[in-house]
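Structure record follows, encoded as structure tokens.
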Amino acid sequence: MNILLIQRRQEFAKELKIAWKEKEHIVDIAGNYESGLQFFYAGHYDIVLLDTWIKGGDAYLLAEKIRERSRKIGLIFLSEEHSFFFKKRAYEVGADTYLSLPISVEEVSLQVFALGKRVKAEAEYRKYRYLYGEIEVDALQRKVYRKGEDLNFTEKEFLLLTVLLKNQGLALHKDMIRKEVWGEDFVGASNILESYIKKIRKKLQDTEHKWIKTIRGYGYGIEERKGK
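In this note's numbering, the protein residues as written are 530 to 757.
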């Protein structure tokens with residue numbers, strides 16, 4: 530894992546770095562707000578461990594900036610403050626975990642590595658997940674959802690929609706789509722593609738063809754669009 534420590538307790542940060550480097554993790558240490566922000570913007574981190582009291586700025590504001598850039602990074606607060614007020618504030622700005630000092634290197638490590646496993650698992654899951662507005666496609670479960678409702682796609686409907694989503698913004702020829710979904714040796718009704726497009730539009734409630742576009746005399750396409 531790549532880990533960023535933004536800590537005013539430099540000795541403790543060094544202890545953590547030594548312990549984690551032995552497990553072949555890459556660890557950077559920043560001692561203040563500005564350097565922490567610079568490290569974060571320049572690097573690619575899996576976990577950020579943030580002190581609630583850092584020199585040169587507000588740790589909670591820094592956490593907000595981290596979350597503005599990425600919702601995927603694991604964010605842990607490390608604090609001498611034990612009151613509910615500070616814990617609540619940390620979670621409100623996007624913390625995954627709040628650890629109170631004093632605490633051992635071993636316990637911090639347990640929390641960091643547990644969160645790291647979760648971050649990695651979620652990253653793997655996202656590789657198989659497509660978002661298109663209010664439509665979510667789960668390639669692992671081979672399910673399609675609209676506003677959280679399972680649309681009960683058949684296997685071919687699922688494959689067809691996935692082909693379109695993987696090629697957002699492109700015009701796909703009918704022959705290319707048929708080959709991807711039914712294979713090169715398919716022998717069947719000439720209008721099978723049109724029939725399946727109609728079924729998919731109905732399930733997506735795309736009656737006005739706002740999502741799946743017909744390219745007359747050529748094929749179909751889906752407009753490039755980011756998931757919400």
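Every residue gets a Cβ at the ideal spot worked out from N, C-alpha and C, and that includes glycine.
Just so it is clear, the structure is predicted and the values come from calculations on it, not from any experiment.
Residue burial classification, residue i (beta-carbon count within 10 angstroms, cutoff 16)
{"i": "glutamine 536", "result": "buried"}
{"i": "histidine 554", "result": "buried"}
{"i": "tyrosine 747", "result": "exposed"}
{"i": "lysine 757", "result": "Residue placement at lysine 757 cannot be trusted, given a pLDDT of 41 that sits under 50; what the coordinates show is reported in the next sentence. Lysine 757 should be labelled exposed."}
{"i": "isoleucine 576", "result": "buried"}
{"i": "threonine 581", "result": "buried"}
{"i": "glycine 565", "result": "buried"}
{"i": "tyrosine 574", "result": "buried"}
{"i": "alanine 700", "result": "exposed"}
{"i": "isoleucine 744", "result": "exposed"}
{"i": "glutamine 640", "result": "buried"}
{"i": "arginine 707", "result": "buried"}
{"i": "phenylalanine 682", "result": "buried"}
{"i": "glycine 712", "result": "exposed"}
{"i": "alanine 511", "result": "For the chain, the structure presents residues 530 to 757; residue 511 sits outside this window and is missing."}
{"i": "phenylalanine 614", "result": "exposed"}
{"i": "isoleucine 583", "result": "buried"}
Host alpha helix (DSSP H) of residue i (start-end)
{"i": "glutamate 723", "result": "721-733"}
{"i": "lysine 543", "result": "539-550"}
{"i": "valine 692", "result": "684-695"}
{"i": "glutamate 665", "result": "First-last for glutamate 665: 664-667, but that is the beta strand (DSSP E), not the alpha helix (DSSP H)."}
{"i": "lysine 594", "result": "588-598"}
Under the three-state DSSP convention, the category residue i falls into
{"i": "phenylalanine 615", "result": "helix"}
{"i": "serine 608", "result": "strand"}
{"i": "glycine 525", "result": "In the structure displayed, the chain extends from 530 to 757; residue 525 sits before or after that span and is not available."}
{"i": "lysine 672", "result": "strand"}
{"i": "isoleucine 658", "result": "The identity of residue 658 in the sequence shown is arginine, whereas the question assumes isoleucine. If DSSP states are grouped into helix, strand and coil, arginine 658 belongs with the strands."}
{"i": "serine 629", "result": "strand"}
{"i": "alanine 559", "result": "strand"}
{"i": "lysine 703", "result": "helix"}
{"i": "lysine 649", "result": "helix"}
{"i": "arginine 603", "result": "The residue you asked about is not arginine; residue 603 is glycine in the sequence shown. Here glycine 603 sits in strand by DSSP."}
{"i": "isoleucine 583", "result": "coil"}
{"i": "lysine 708", "result": "helix"}
{"i": "glutamate 636", "result": "helix"}
{"i": "glutamate 621", "result": "helix"}
CA nearest to the CA of residue i, picked from the options
{"i": "glycine 623", "options": "Ser633, Lys646, Leu578, Leu639", "result": "Leu578"}
{"i": "leucine 572", "options": "Asp625, Arg538, Val556, Glu665", "result": "According to the sequence displayed, residue 572 carries glycine and not leucine. Glycine 572 has its Cα closest to that of Val556, out of Asp625, Arg538, Val556, Glu665."}
{"i": "leucine 660", "options": "Ile558, Phe682, Gln697", "result": "Gln697"}
{"i": "leucine 669", "options": "Glu651, Arg675, Glu635, Gly750", "result": "Glu651"}
{"i": "aspartate 704", "options": "Thr691, Glu737, Tyr749", "result": "Tyr749"}
{"i": "arginine 675", "options": "Leu604, Leu733, Glu753, Leu590", "result": "Leu733"}
{"i": "glutamate 540", "options": "Glu551, Glu621, Val634", "result": "Val634"}
{"i": "leucine 688", "options": "Ala718, Leu722, Ala559", "result": "Leu722"}
{"i": "leucine 604", "options": "Gly645, Tyr657, Lys656, Phe568", "result": "Gly645"}
{"i": "isoleucine 602", "options": "Ile532, Thr691, Ile751", "result": "Ile532"}
{"i": "glutamate 686", "options": "Tyr657, Leu534, Arg655, Tyr725", "result": "Tyr725"}
{"i": "glutamate 636", "options": "Ile741, Trp549, Lys731", "result": "Trp549"}
Delimiting residues of the beta strand (DSSP E) encompassing residue i
{"i": "isoleucine 532", "result": "531-535"}
{"i": "leucine 579", "result": "576-580"}
{"i": "lysine 742", "result": "741-744"}
Segment contact, 8 Å Cβ cut-off, at least three pairs: the stretch 591-611 with the stretch 623-643:
yes
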